[in-house]
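Protein chains in written order, with the numbering used here: chain A, 29 to 238; chain B, 29 to 238; chain C, 29 to 238; chain D, 29 to 238.
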DNA sequence: TATGAATGAGTATTCATTCAT
DNA sequence: GATGAATGAATACTCATTCAT
């Protein structure tokens, strides 16, 4: 019944199984790394740095990941998961293209700034090996295509003016990815505030005029 | 008349002096490096790469710069020079805050994409040493302050609606800096087109409504 | 009882703990380097040389020291420690200034030649960074001052004739430091013999005549 | 009649011929290098340093010497010339072995400190290539043998007590060579004073007692 | 599961040397 | 005679990765 086919023990609510421990620790590692990569860049961050931040030695990290590249890969995947979540939310809740687009923007920024005040990376694409690049690239392309589709729907339904969808998406993605350079979770402006402001800027940038 | 007599020779338009050669070569080096840094990142670019692209050996580079850091520093300075040029242009030619802002955006992007199809870096701030960080940081802060001032002027004169100037600047800077990740000079969309599109997106994002 | 329980185990005389291993290896590294520096000079000795002599790779050295400079610094410190030990011995056992001085000379040379047939460096002062220079310089100055004091005491108590203490110390230090150039532990003359001969030469050079 | 078979010109007393210029400049180069090598060591001294001290560029040095090694070789030769001169002087003027030995010591130090306040190198033997080592080594060995012979003569004629000649020579050579570390021509003690003091210390060290 | 030790590949930097001008 | 430019070899140091314990 349990994930690994072991019988749920009587302690199941209290004790944390070895597998769960593993997952928890791995996630902590990924999040710590994502944060460091965002703040200082992939190549400026050594595994010693990450290990030190977690209070273990570098060698210990290799129990949870196979390589530094894998960490970066997983960070990208986490980041894309967040993107997908925001996408699903917007699709479900928005009615017009304009509504969906602004919802996507707001939700996305809320989620990436919400993770314990850390930001998930999206940059550092070039440090990936070819295979990973293919996987990540494909997901990202798909996501951007979906976002372009939203714009097209908005243009169709009259809520969005005629804009170059491709450039508009790049415009927005740049604004968001650049946040890693200036956003400080303990700074004056909360993630929610930024989400609202950026969503509005994007919305106005593409909104249809009467 | 003497070997050092600086009389303008009949060849003066044709022959290039040693000093001029030096400057030309140094600029070529900086541009090559800037391009590589933009495309692959500072730490992913070895001096061997840069030297190879220029057709010389690594050691030759040290005739023109003192260190890899100095290259990065100069790239930042070049980039900031371009920013200043765009700023001056916008100040001179625009009448309302709105006009100046969109002129700034358009001109800036035109300039950074115009340099022989290369883009000047803006990222990789963290690879700088402390002293350089201070210099670059101060100039960048000043530039962003000037851009915020433009927004404020627009709000004042009624051409721009009430927006958070700080966030609006970050929004725009992100969109621009992100270009290093996707812009290809030989791609389908020209720098001028992007400049126009981005300037319009920014303009609409902040334009006052009636 | 626990893995970290420091109860002296039955094996305590035989087994070597990790910490002890570390110290032993670090000392071996320092001694190997000192030997090489003495024989061929600091700049003529690459870390590859030292590593090869120890049967490891260069990178392994960095587990034990932070830099090549640190190795040189520690070699100097070892050498100064030996000097201090000889100084203490002479102070304790000699009665007249003359006795103490010759005991210092003899003991010092015995110790520096006794270390497994290797000689501790004293030269290569210029390769140190400024901070290290200050530390080493201060200790060396203090030691030379102590030696001058010995001479002064001998002059006072009549066992040593009136000589320029400063020059006499330089005279002796030169004779000793020069040993790195010609002394071979496996050569015909033992360290003890040299110690005796040099101590006598120094003694006669400064001894009071009746 | 002139050294190169050219007729002595009417200007011969006034004008400096090209050959003489060459020799003068080469000597200036050698002396500058010798001084730098003594003060900071062969490997701590770059040809750029030497060139800068002479007010020319590094490449210019290659008009006067074939390599950095050759400079070192010539410095050694100069130093050995001085040694020979002192040796000849002592042989000519001293009557007993003791007299000759102290004369040698004094004259030698006077000469090496007299050269415009610079000291000629003697150390840095290991930086030489094998062929140069052979030449220099042979001359040095011969010189030391001569000095040992002086000691033997003194023992024979009763002016010097029975000492190990080999060790006594090393003792003295060390004292002298070490001078490069502490002697400053503009310091408080003149070369002549040191020569007198060191000659006396050496003399007393080996003098026969009645 | 975690650690210290070791490695190999990579990289910035220095420097003696050469050469066209 | 002298220079600026370029080169190749050497070298200190970093870091991701492996492995025995």
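All C-beta atoms in this analysis are idealised placements derived from N, C-alpha and C, irrespective of residue type, glycine included.
Nothing here was measured: the structure is a model prediction, and the numbers come from that model.
Other residues of its chain near residue i: CB distance less than 6 Å, five sequence neighbours each side excluded
i	result
residue 116 of chain A	none
residue 181 of chain B	125
residue 191 of chain C	234
residue 176 of chain A	193, 197
residue 46 of chain C	none
Nearest residue (CA-CA) to residue i, options the options
i	options	result
residue 118 of chain B	B/128, B/87, B/112, B/124	B/128
residue 59 of chain A	A/45, A/104, A/238	A/104
residue 98 of chain A	A/158, A/123, A/44	A/158
residue 165 of chain A	A/175, A/176, A/174, A/153	A/153
residue 136 of chain D	D/43, D/225, D/44	D/225
residue 169 of chain A	A/55, A/179, A/86, A/197	A/197
residue 167 of chain D	D/45, D/101, D/80	D/101
residue 179 of chain C	C/161, C/232, C/212	C/232
residue 212 of chain A	A/43, A/63, A/50	A/63
residue 238 of chain C	C/207, C/189, C/208	C/189
residue 68 of chain D	D/214, D/207, D/217, D/55	D/207
CB contact flag (residue i, residue j, <8 Å)
i	j	result
residue 205 of chain D	residue 151 of chain D	yes
residue 199 of chain B	residue 229 of chain A	yes
residue 70 of chain C	residue 155 of chain C	yes
residue 222 of chain A	residue 195 of chain B	yes
residue 93 of chain A	residue 52 of chain A	no
residue 122 of chain C	residue 202 of chain D	no
residue 120 of chain D	residue 227 of chain D	no
residue 88 of chain D	residue 79 of chain D	yes
residue 96 of chain C	residue 75 of chain C	yes
Residue i, buried or exposed, once every other Cβ within 10 Å from all chains shown has been counted against 16
i	result
residue 235 of chain C	buried
residue 107 of chain A	buried
residue 65 of chain A	buried
residue 61 of chain A	buried
residue 257 of chain B	Limits of chain B in this structure are 29 at one end and 238 at the other, which puts residue 257 of chain B out of reach.
residue 73 of chain C	buried
residue 85 of chain A	exposed
residue 29 of chain B	With a pLDDT of 39 at residue 29 of chain B, under the threshold of 50, the modelled position of this residue cannot be trusted; read the value that follows with caution. So residue 29 of chain B ends up on the exposed side.
residue 32 of chain D	Reliability of the predicted coordinates at residue 32 of chain D is poor, the pLDDT of 47 falling under 50, and the value obtained from them is presented with this limitation in mind. Answer is exposed; the Cβ neighbour count stays below 16.
Contacts around residue i, its chain only, beta-carbon distance under 7 Å, and the 5 residues preceding and following it disregarded
i	result
residue 186 of chain C	236
residue 77 of chain B	64
Cutoff 8 Å; reference residue i; Cβ partners in own chain excluding five residues on either side
i	result
residue 142 of chain D	219
residue 171 of chain D	108, 111, 112, 115
residue 161 of chain A	153
residue 50 of chain C	92
Residue i Cβ short of 7 Å to the ligand GTP heavy atom set
i	result
residue 52 of chain C	This structure lacks the ligand GTP, and indeed carries no ligand of any kind.
Residues in the stretch 187-214 of chain A with C-beta within 9 Å of chain B's C-beta atoms, listed in sequence order?
Result list: 189, 191, 192, 194, 195, 196, 198, 199, 200, 201, 202, 203, 204, 205, 206, 207, 209, 210, 211.
What are the residues in the stretch 222-236 of chain A lying within 9 Å of chain B by C-beta distance?
Close to chain B, meaning a Cβ-Cβ distance shorter than 9 Å, are the following residues of the stretch 222-236 of chain A: 222, 225, 226, 228, 229, 230, 231, 232, 233, 234, 235.
Under 9 Å, CB to CB, which of the residues in the stretch 150-162 of chain B have a partner in chain A?
For chain A, the residues of the stretch 150-162 of chain B that bring a beta carbon within less than 9 Å of one of its beta carbons are 151, 152, 153, 154, 155, in chain order.
Pull out every residue of the stretch 80-111 of chain B whose Cβ sits closer than 9 Å to any Cβ of chain A, in chain order.
The residues in question: there are none.
Within 7 Å of chain B by C-beta, residues of the stretch 53-72 of chain A in sequence order:
Only those residues of the stretch 53-72 of chain A whose C-beta falls short of 7 Å from the nearest C-beta of chain B are listed: 68, 69, 71, 72.
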